[in-house]
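> Those sequence lines, one after another, are chains A and B.
First residue of the first sequence: 488, per this note's numbering; consecutive thereafter.
First residue of the second sequence: 14, per this note's numbering; consecutive thereafter.
Heads up, the beta-carbon is just placed ideally off N, CA and C, and yes, glycines get one too.
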Amino acid sequence: AQSVTQLDSHVSVSEGTPVLLRCNYSSSYSPSLFWYVQHPNKGLQLLLKYTSAATLVKGINGFEAEFKKSETSFHLTKPSAHMSDAAEYFCVVSPGSGFQKLVFGTGTRLLVSP
Amino acid sequence: DAGVIQSPRHEVTEMGQEVTLRCKPISGHNSLFWYRQTMMRGLELLIYFNNNVPIDDSGMPEDRFSAKMPNASFSTLKIQPSEPRDSAVYFCASSLSGQGNYGYTFGSGTRLTVV
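1. Count the other C-beta atoms from every protein chain shown that fall within 10 angstroms of the C-beta of K545 (chain A), then say buried if there are 16 or more, exposed otherwise.
2. Please go through the same chain and pick out, in chain order, the residues whose beta-carbon is closer than 8 Å to the beta-carbon of V579 (chain A), but skip the five residues on each side of it.
3. Does any residue of chain B bring its CB to less than 7 Å from the CB of G530 (chain A)?
4. Identify which residue in A:L508, A:L598, A:P518 and A:Q493 has its Cα closest to the Cα of A552 (chain A).
5. I'd like to know whether the C-beta atoms of V128 (chain B) and D99 (chain B) end up nearer to each other than 7 Å.
6. Can you give the Cα-Cα distance for V506 (chain A) and Y576 (chain A), rounded to whole angstroms?
7. Taking 7 Å as the cut-off, decide whether the C-beta atoms of Y117 (chain B) and A101 (chain B) are in contact.
8. Could you check whether the Cβ of E122 (chain B) sits closer than 7 Å to any Cβ belonging to chain A?
9. Hey, P67 (chain B) and A85 (chain B) are a contact pair by Cβ (cut 8 Å); roughly how many whole angstroms apart?
10. Could you list which residues in chain B have their beta carbon closer than 8 Å to that of T593 (chain A), in chain order?
11. So, using beta-carbon positions, are F554 (chain A) and F561 (chain A) closer together than 7 Å?
Laid out in structure tokens, this is it:
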């Protein structure tokens with residue numbers, strides 16, 4: 488079975504400082520991993536995805552994530568936070584083969600202060 | 014592409030009334046998913062379809078909920094009768110081939126309030 492654990496329910500940063508949102512996964516297969524972002528009163532938007540190619544994945548809006556199999560982690564980072572980054576972020580896992588549904592983490596709310 | 018289109022965006026209804034939520038997936042996507050999001054329970058997968066056929070409806074909370082996909086370009090989620098605890102944001106998502114490694118494209122959601 489697949490699962491993800493988002494280690495922080497809330498993360499607070501100041502504008503211009505780095506962002507780190509942590510995610511650990513569990514999967515019986517070589518997984519596909521995703522980060523989605525949800526701004527207030529909006530739908531979920533795909534930020535980036537890892538599908539067994541390069542382990543460092545670059546996404547939209549300057550975000551990136553690194554797949555570390557030895558640590559079963561897929562942390563999301565950004566060098567410099569912007570006010571518009573304030574949102575809920577979801578780490579998601581899929582087994583990566585066959586027809587399987589995505590498994591969502593519980594989300595991390597990113598707060599950005601001026 | 015217009016993306017996944019959901020209607021209505023907002024729905025307010027009285028307890029006991031029937032509610033129908035609608036979804037148009039991205040053209041060419043052959044898998045469709047209905048999710049419910051609440052503060053208490055987060056994102057919950059209710060049901061998903063592949064090639065218009067329901068594959069797993071184990072997330073449907075009870076018999077008051079039903080979903081259909083009569084063709085590749087349209088799906089409905091119906092609640093009858095509705096109850097206040099059904100108040101939530103309902104999202105529809107679609108994907109290509111149902112393969113998890115493509116990710117899903119989500120609609121903007123329908124915010125349902127049952128009073």
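According to the data block:
1. The residue you call residue 545 (chain A) lines up with position 58 of the first sequence. Its Cβ having fewer than 16 others within 10 Å, K545 (chain A) is exposed.
2. Along the first sequence, read from residue 1 onward, the residue named residue 579 (chain A) stands at position 92. For V579 (chain A), where only same-chain residues beyond five positions count, the Cβ hits under 8 Å are V491, L520, F521, W522, Y523, L589, V590, F591 and G592.
3. Translated into the one-based positions of the first sequence, residue 530 (chain A) becomes position 43. Output row for G530 (chain A): interface = yes.
4. Looking up residue 552 (chain A) in the first sequence gives position 65. For the residues A:L508, A:L598, A:P518 and A:Q493, the minimum Cα distance to A552 (chain A) belongs to A:L508.
5. Locating residue 128 (chain B) in the second sequence gives position 115, counting from the first residue. Locating residue 99 (chain B) in the second sequence gives position 86, counting from the first residue. Not a contact, by the Cβ cut-off of 7 Å.
6. Locating residue 506 (chain A) in the first sequence gives position 19, where the first residue counts as 1. Locating residue 576 (chain A) in the first sequence gives position 89, where the first residue counts as 1. V506 (chain A) and Y576 (chain A): Cα-Cα distance of roughly 12 Å.
7. In the second sequence, the residue the question calls residue 117 (chain B) occupies position 104. In the second sequence, the residue the question calls residue 101 (chain B) occupies position 88. The answer is no: Cβ separation not under 7 Å.
8. Sequence index remark: in the second sequence, residue 122 (chain B) carries index 109 (1-based). In the sequence as displayed, the identity of residue 122 (chain B) is Gly instead of Glu. Closer than 7 Å: yes.
9. As a position in the second sequence, residue 67 (chain B) is number 54, starting the count at 1. As a position in the second sequence, residue 85 (chain B) is number 72, starting the count at 1. Actually they are not in contact, since the Cβ atoms of P67 (chain B) and A85 (chain B) sit about 14 Å apart, beyond 8 Å.
10. The residue you call residue 593 (chain A) lines up with position 106 of the first sequence. Within 8 Å Cβ-Cβ: G55.
11. On the first sequence, position 67 is the one that residue 554 (chain A) refers to. On the first sequence, position 74 is the one that residue 561 (chain A) refers to. Cβ distance < 7 Å, so F554 (chain A) and F561 (chain A) count as in contact.
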